[in-house]
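The structure appears below as structure tokens.
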Amino acid sequence: MKQHKNLKKLGCCAIALAAFAVGMPVAQAEDTLFMPSLTYRTGPFAGGGIPFADGYADYFNMLNERDGGIGGAKIVVEECETAYNTQKGVECYEATKDKGALAYSPLSTGITLALIPKAAVDEIPIFSMGYGLSAAAIGEKFPWTFVYPTTYWNQMSSILKYIDANGGVKDKKIGFIYLDVGYGKEPLPLLENLSESMGFELAKYPIGGKEMQNQSAQWLNVRKDRPDWMVMWGWGAMNPTAVKEAAKIRYPLDRFIGNWWSGSHNDLRAVGASGKGYLAANFSGIGQDFPAVQDILTHVVDKGNSKVASRDDVGNVLYNRGMFNAVVLAEAITVAQAKTGKAAITGADMRDALENINLDEARLKELGLEGFTGAIKGSCADHEGAGSVFMQQWTGDDWEKVTDLIEPMNDTVRPLLEEAAEKYVSDKPDWAAQSCG
Amino acid sequence: MLYREAGQFKTSYSADQALLPIAQDRIGLLFILVVAFIALPMFASDFFISSIMIPFLVFSLAAIGLNILMGYAGQLSLGTGAFMGVGAYSCYKITSLFPDLNILLVLFLSGFFSAGIGVVFGLPSLRIKGLYLAITTLAAQFFLEWCFIRIGWLYNYNDSGAIEVPQRMLFGLAITGPHATPVTRYLVILTIVSVMTLIAANVLRGRIGRSWMMIRDMDIAAELMGIRPLFSKLSAFAFSSYYCGVAGALMVFFWLGSAEVESFDINHSFLIMFMVIIGGMGSLTGCFMGAAFIWVLPVILRAIPPAFELNILAATMEHVSSIITGVLIIFFLIVEPHGLARLWRVGKEKLRTWPFPYAT
Amino acid sequence: MESFSAALDLFFLSPFREMTALPDLLLQVIWEGFVSGILYALIALGFVLIYKASAVFNFAQGIMVVFAALVLVSLFDLGVPAWLALILTIGVMGILALSIERLVLRKLVNQHEAILLMATIGLTLVLKGAGQLVFGGEPKSMITEELGLSTGSSDWEVFDGIVIFQHIDIAAAVIAIIMVAALALFFSRTRIGRALRAVADDHQAALSVGISLNQIWAIVWFASGIVALVTGIMWGARSDVSFALEIIALKALAVLILGGFTSVPGAIVGGLIVGIGEKLFEVYWGPIFGGGVEAWFAYVLALIFLLFRPQGMFGERHIERI
Numbered sequence: 000m001k002q003h004k005n006l007k008k009l010g011c012c013a014i015a016l017a018a019f020a021v022g023m024p025v026a027q028a029e030d031t032l033f034m035p036s037l038t039y040r041t042g043p044f045a046g047g048g049i050p051f052a053d054g055y056a057d058y059f060n061m062l063n064e065r066d067g068g069i070g071g072a073k074i075v076v077e078e079c080e081t082a083y084n085t086q087k088g089v090e091c092y093e094a095t096k097d098k099g100a101l102a103y104s105p106l107s108t109g110i111t112l113a114l115i116p117k118a119a120v121d122e123i124p125i126f127s128m129g130y131g132l133s134a135a136a137i138g139e140k141f142p143w144t145f146v147y148p149t150t151y152w153n154q155m156s157s158i159l160k161y162i163d164a165n166g167g168v169k170d171k172k173i174g175f176i177y178l179d180v181g182y183g184k185e186p187l188p189l190l191e192n193l194s195e196s197m198g199f200e201l202a203k204y205p206i207g208g209k210e211m212q213n214q215s216a217q218w219l220n221v222r223k224d225r226p227d228w229m230v231m232w233g234w235g236a237m238n239p240t241a242v243k244e245a246a247k248i249r250y251p252l253d254r255f256i257g258n259w260w261s262g263s264h265n266d267l268r269a270v271g272a273s274g275k276g277y278l279a280a281n282f283s284g285i286g287q288d289f290p291a292v293q294d295i296l297t298h299v300v301d302k303g304n305s306k307v308a309s310r311d312d313v314g315n316v317l318y319n320r321g322m323f324n325a326v327v328l329a330e331a332i333t334v335a336q337a338k339t340g341k342a343a344i345t346g347a348d349m350r351d352a353l354e355n356i357n358l359d360e361a362r363l364k365e366l367g368l369e370g371f372t373g374a375i376k377g378s379c380a381d382h383e384g385a386g387s388v389f390m391q392q393w394t395g396d397d398w399e400k401v402t403d404l405i406e407p408m409n410d411t412v413r414p415l416l417e418e419a420a421e422k423y424v425s426d427k428p429d430w431a432a433q434s435c436g
Numbered sequence: 000m001l002y003r004e005a006g007q008f009k010t011s012y013s014a015d016q017a018l019l020p021i022a023q024d025r026i027g028l029l030f031i032l033v034v035a036f037i038a039l040p041m042f043a044s045d046f047f048i049s050s051i052m053i054p055f056l057v058f059s060l061a062a063i064g065l066n067i068l069m070g071y072a073g074q075l076s077l078g079t080g081a082f083m084g085v086g087a088y089s090c091y092k093i094t095s096l097f098p099d100l101n102i103l104l105v106l107f108l109s110g111f112f113s114a115g116i117g118v119v120f121g122l123p124s125l126r127i128k129g130l131y132l133a134i135t136t137l138a139a140q141f142f143l144e145w146c147f148i149r150i151g152w153l154y155n156y157n158d159s160g161a162i163e164v165p166q167r168m169l170f171g172l173a174i175t176g177p178h179a180t181p182v183t184r185y186l187v188i189l190t191i192v193s194v195m196t197l198i199a200a201n202v203l204r205g206r207i208g209r210s211w212m213m214i215r216d217m218d219i220a221a222e223l224m225g226i227r228p229l230f231s232k233l234s235a236f237a238f239s240s241y242y243c244g245v246a247g248a249l250m251v252f253f254w255l256g257s258a259e260v261e262s263f264d265i266n267h268s269f270l271i272m273f274m275v276i277i278g279g280m281g282s283l284t285g286c287f288m289g290a291a292f293i294w295v296l297p298v299i300l301r302a303i304p305p306a307f308e309l310n311i312l313a314a315t316m317e318h319v320s321s322i323i324t325g326v327l328i329i330f331f332l333i334v335e336p337h338g339l340a341r342l343w344r345v346g347k348e349k350l351r352t353w354p355f356p357y358a359t
Numbered sequence: 000m001e002s003f004s005a006a007l008d009l010f011f012l013s014p015f016r017e018m019t020a021l022p023d024l025l026l027q028v029i030w031e032g033f034v035s036g037i038l039y040a041l042i043a044l045g046f047v048l049i050y051k052a053s054a055v056f057n058f059a060q061g062i063m064v065v066f067a068a069l070v071l072v073s074l075f076d077l078g079v080p081a082w083l084a085l086i087l088t089i090g091v092m093g094i095l096a097l098s099i100e101r102l103v104l105r106k107l108v109n110q111h112e113a114i115l116l117m118a119t120i121g122l123t124l125v126l127k128g129a130g131q132l133v134f135g136g137e138p139k140s141m142i143t144e145e146l147g148l149s150t151g152s153s154d155w156e157v158f159d160g161i162v163i164f165q166h167i168d169i170a171a172a173v174i175a176i177i178m179v180a181a182l183a184l185f186f187s188r189t190r191i192g193r194a195l196r197a198v199a200d201d202h203q204a205a206l207s208v209g210i211s212l213n214q215i216w217a218i219v220w221f222a223s224g225i226v227a228l229v230t231g232i233m234w235g236a237r238s239d240v241s242f243a244l245e246i247i248a249l250k251a252l253a254v255l256i257l258g259g260f261t262s263v264p265g266a267i268v269g270g271l272i273v274g275i276g277e278k279l280f281e282v283y284w285g286p287i288f289g290g291g292v293e294a295w296f297a298y299v300l301a302l303i304f305l306l307f308r309p310q311g312m313f314g315e316r317h318i319e320r321i
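Put into structure tokens, the structure is as follows:
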């Protein structure tokens with residue numbers, strides 16, 4: 000009878016569940032380097048998450064193929080799908096942390112914020128490359144979080160410097176259009192502070208997470224307010240829609256600057272020629288013209304071991320960004336192995352290595368990335384690197400680098416970051432800070 | 000054979016009216032409680048406790064809240080996520096304003112804010128019902144979501160709009176914050192959920208619960224019999240929102256450790272509604288079954304490819320689990336609209352006469 | 000006292016002052032609201048079609064819009080010419096309609112409306128997962144030019160400023176009006192239209208006069224699928240085709256409250272009210288609240304409307320009120 004069958008099904012499910020209760024079997028070989036990859040290949044931000052995850056995984060796989068891993072230990076990349084959802088991100092973290100995870104790069108400010116306190120307790124470093132909590136630049140307060148090559152706050156200062164160099168900032172009106180989530184709101188305190196000290200008027204245009212494709216009202220407000228410059232902190236479907244709307248209201252696109260997450264190939268290809276002139280900040284190189292990228296093509300993509308949809312996607316802005324994330328972590332592993340003398344390292348070793356990282360021009364050339372980005376040097380107190388960004392411009396079908404590296408206004412920003420870090424730890428009485436001799 | 004009541008005589012009215020009159024039921028529940036309170040903390044892995052049991056309990060509580068509103072009082076609601084959010088944010092504000100107050104007391108208080116908001120958005124139920132009410136609860140959902148982002152006071156003007164859970168102690172143990180162990184958090188949640196389920200079971204059996212069921216079945220007839228619809232409906236909203244609010248506070252303080260607005264968005268409202276539908280509307284055990292089903296199913300599905308050495312992308316498994324959940328919802332609605340709870344009840348009936356196919 | 004009058008001024012007077020200060024912007028806002036209202040109305044139209052004929056509230060309408068657009072774009076990406084892709088997509092939507100009718104609706108005949116609603120919610124999940132599985136999760140661009148829709152814009156110089164009309168918006172408005180007119184005629188003049196209304200009233204009575212429920216439902220879901228396709232093309236042309244559209248489709252619920260669940264002209268009027276109201280509120284009152292009020296304005300408007308006229312402006316008075 001139907002009910003009997005259903006009862007039997009229920010019984011089987013119950014037994015299966017009991018099997019999980021006693022623990023998930025974890026198989027692990029010796030001497031592997033476990034790099035979990037919190038990806039989002041689904042959901043509204045998949046457009047950005049997919050190329051990043053591809054670049055990240057491909058670099059590690061290339062190291063496995065070309066060099067046999069790092070220091071003789073193979074790298075195991077395990078992807079866990081978060082769909083940019085904080086809950087799932089935390090779940091992925093809990094599921095993978097005991098497998099010997101060496102570092103986490105969640106590619107989501109929301110997930111990063113949730114993981115920062117946990118990772119400090121579990122002793123696994125978080126490498127939130129150019130996103131997450133800007134205050135984590137202060138190494139004393141955030142021993143387990145790293146933000147190389149620069150934070151949102153410093154990036155904003157570089158952008159403001161560019162604006163200043165192209166017509167001045169004082170007495171101008173700068174519009175800030177941003178995704179109304181943690182990521183977009185992150186640079187607001189700095190903007191408000193600098194608007195007073197640098198003498199410009201700030202206009203804010205928040206875009207709700209569910210309203211990303213429905214921005215016409217906000218852009219009509221932009222038309223009403225007529226800001227001299229627009230700066231965008233967007234992600235996912237927000238980017239192409241914003242550029243399209245800006246073009247619709249005839250806003251001069253060469254006065255519209257997106258941050259480094261708002262200037263990718265996927266986003267602007269959807270806009271096409273009407274987005275010509277739009278500017279974006281970037282810190283990672285574009286294109287396939289780097290020996291490291293060529294190696295990825297040879298050893299991974301052409302052998303069919305990559306998840307990229309097509310060979311031309313290698314070298315895209317976000318692909319190279321994900322690859323660079325892996326480059327920094329691979330460098331940290333190398334440094335950690337050298338320091339400890341073992342191939343199999345722990346999270347704590349990674350942390351020490353990340354603090355001592357020194358990716359200068361010579362080292363970048365060795366890695367096959369000459370001219371890819373500015374040098375990164377970390378220290379105990381500086382988990383940021385105060386790196387520079389360059390501006391790139393959309394030509395209608397590709398990105399073109401149009402400036403050299405613009406240094407941030409670190410002297411102004413660093414004290415503000417220290418204040419923010421102080422504020423973060425002030426209500427956490429047992430926060431484990433460190434002291435840097 | 001196993002479930003026969005032969006030999007169980009009730010000799011007082013109170014024994015007859017007990018929550019679980021059959022001895023086997025009492026033994027079964029005791030067994031489950033023993034497993035939950037003692038066996039699981041001792042033998043289960045940390046991952047199981049923190050990523051399966053804790054979310055299961057939190058969602059069961061939220062499902063109980065929604066079930067009270069949808070299943071027992073018959074008012075369709077799509078605002079569960081927002082009510083959970085109200086509970087979570089009020090808990091956060093109270094504990095940041097009064098850090099020395101015991102966190103459990105704060106939890107208890109935060110539910111009242113959620114209940115208040117629930118009553119306000121439940122006022123339209125006095126004039127409209129069914130689908131239309133569902134749409135007004137959508138108004139609650141989106142408006143409250145906007146409030147959570149826009150009203151900086153709620154998250155103490157944190158730069159990123161997220162709330163970080165401060166550490167709170169109970170009997171010298173950390174029970175919230177990153178230092179709280181999964182087992183500690185699990186036991187706290189389990190206790191709270193058990194107590195609240197007991198309270199809900201009793202309220203549902205009592206006068207108020209019966210009035211809700213009367214309103215659900217035939218509201219005009221109920222009014223003719225003397226039930227005041229104003230009080231009934233609003234009390235249903237209040238009670239349900241209280242439970243959802245506490246569930247939301249538990250979710251943020253004991254499970255996630257931090258929260259942003261996305262934790263309370265419309266997808267969560269749908270998720271909990273699915274749990275209620277599959278578990279069975281109008282049944283408390285159904286809430287637990289539905290929550291277990293909807294939460295654990297994707298975890299099992301995600302664990303299948305590695306177990307069988309299949310190289311399927313994690314993203315693909317997400318889509319597949321979405322498809323399977325949808326198919327199962329449709330399947331349950333076609334085959335058994337009263338959900339898993341009805342299947343369970345039928346099973347128990349069969350057990351009473353087993354091994355005979357029918358009782359003579 | 001001063002701050003009270005300042006607050007009054009802020010809420011009630013200064014937005015209107017702003018409106019009159021830049022009249023060309025006001026016209027632009029109204030036009031944008033009009034266009035988005037038309038698009039909401041198109042989604043609502045799909046709901047109305049199905050509800051009118053089968054008293055089922057098809058929660059999956061939003062995802063059907065996305066699905067239809069994705070099928071079209073994916074076929075085109077595979078190399079199929081645009082006109083053929085269009086025809087094939089209509090075919091796919093037809094097959095989808097038939098399978099939904101056969102697998103889901105037939106088994107749920109005469110069930111309570113809440114059960115049917117929840118079945119369509121389950122359907123949404125299935126279509127969402129299947130869509131992402133088959134087409135991938137990234138946003139895609141609509142093949143606007145290939146379909147023969149112009150992508151330029153025209154200016155209108157008025158009030159010392161300009162109002163910019165995108166050609167695609169004009170096309171959307173025209174197509175929507177044609178579609179509404181055709182559907183209104185269909186329901187009131189043809190035999191099938193009358194059969195649809197009979198089925199909407201009472202399944203069993205319709206069966207007893209010889210109307211084939213299964214056939215009617217298949218037809219109406221198919222029609223709704225075509226409406227979904229047109230909506231998907233129009234929405235996709237303005238902003239990309241992605242699964243984020245599905246949440247915007249929830250706004251159509253608010254439109255339905257205003258216009259009534261069973262009225263085709265009501266869907267249009269309701270859509271326009273929601274669309275224009277939303278844009279005006281966001282542009283002129285939004286900055287007072289810090290922005291982002293578009294997310295909830297439509298629903299709160301529907302809520303207020305519900306308290307005074309639950310059946311909508313054009314709907315039938317079927318609501319039980321206490």
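Residue numbers (numbering that gives the first Met the number 0), protein chains in the order written: chain A, 0 to 436; chain B, 0 to 359; chain C, 0 to 321. We put the CB at the ideal spot given by N, CA and C, even for glycine.
- Item | Closest Cα partner of A118 of chain C within the set B:A340, B:R344, B:R209 and B:T324 | B:T324
- Task: Apply the 10 Å Cβ neighbour rule to C90 of chain B and answer buried if 16 or more other Cβ atoms are within range, or exposed otherwise.
- Result: C90 of chain B should be labelled buried.
- Looking only at DSSP bridge pairs, what is F359 of chain C linked to? Here chain C covers residues 0 to 321 and nothing more, so residue 359 of chain C does not appear.
- Task: Can you tell me which of B:S210, B:N66, B:A221 and B:V192 puts its alpha carbon nearest to the alpha carbon of A248 of chain B?
- Result: B:V192
- Message: Looking at the strands, I want to know which residues DSSP matches up with R183 of chain A.
- Response: Residue identity differs from the one stated: residue 183 of chain A is Gly in this sequence, not Arg. Paired residue(s): none; G183 of chain A is not in a bridge.
- Query: At what residue ranges does the region 34-78 of chain C contain a whole run of the alpha helix (DSSP H), taking only runs of 4 or more?
  - Reply: 60-76
- Around the Cβ of F145 of chain A, are there at least 16 other Cβ atoms within 10 angstroms (buried) or fewer (exposed)? By the neighbour-count criterion, in which a residue is buried when 16 or more other Cβ atoms sit within 10 angstroms of its Cβ, F145 of chain A is buried.
- Query: So, helix, strand or coil for P356 of chain B, using DSSP?
  - Reply: coil
- For L317 of chain A, which option in A:I137, A:N355, A:F282 and A:V401 has the closest C-alpha, if you only look at C-alpha atoms? A:F282
- 4 or more residues per run - each alpha helix (DSSP H) lying fully within the region 249-318 of chain B: 265-278 and 283-306
- Go ahead and label M224 of chain B buried or exposed: buried means 16 or more other beta carbons lie within 10 angstroms of its beta carbon, across all protein chains shown. By the 10 Å Cβ count, M224 of chain B comes out exposed.
- Task: Inspect the CB distances between the region 310-322 of chain B and the region 4-20 of chain C and report whether three or more fall short of 8 Å.
- Result: Cβ pair count under 8 Å is below three, so no.
- Taking Cβ to Cβ, would you say G274 of chain A is nearer than 7 Å to W430 of chain A? Taking 7 Å as the Cβ cut-off, G274 of chain A and W430 of chain A do not qualify as a contacting pair.
- Give the DSSP bridge partners of G257 of chain A, in chain order. A:M231 and A:A279
- Query: Between which two residues does the beta strand (DSSP E) harbouring E417 of chain A extend?
  - Reply: Per DSSP, E417 of chain A belongs to no beta strand (DSSP E); it is in the alpha helix (DSSP H), N409 to S425.
- Taking only beta-carbon atoms, is K278 of chain C less than 7 Å away from chain A? yes
- Item | Cβ-Cβ distance between I293 of chain B and G121 of chain C below 7 Å | no
- Query: Based on Cα-Cα distance, which residue from A:P186, A:E122, A:T402 and A:L101 lies nearest to A134 of chain A?
  - Reply: A:P186
- Of all Cβ atoms in chain C, is any one closer than 7 Å to the Cβ of L219 of chain A? Residue contact check for L219 of chain A against chain C: a CB pair falls below 7 Å.
- At which residues does the alpha helix (DSSP H) containing Q293 of chain A begin and terminate? P290 to I295
- Query: When the cut-off is 7 Å and only beta carbons count, does A17 of chain A lie next to chain B?
  - Reply: Summary for A17 of chain A: the model assigns pLDDT 47, below 50, so the residue's position carries little reliability; its value from the coordinates is reported in the next sentence. Judged by the 7 Å Cβ criterion, A17 of chain A is not in contact with chain B.
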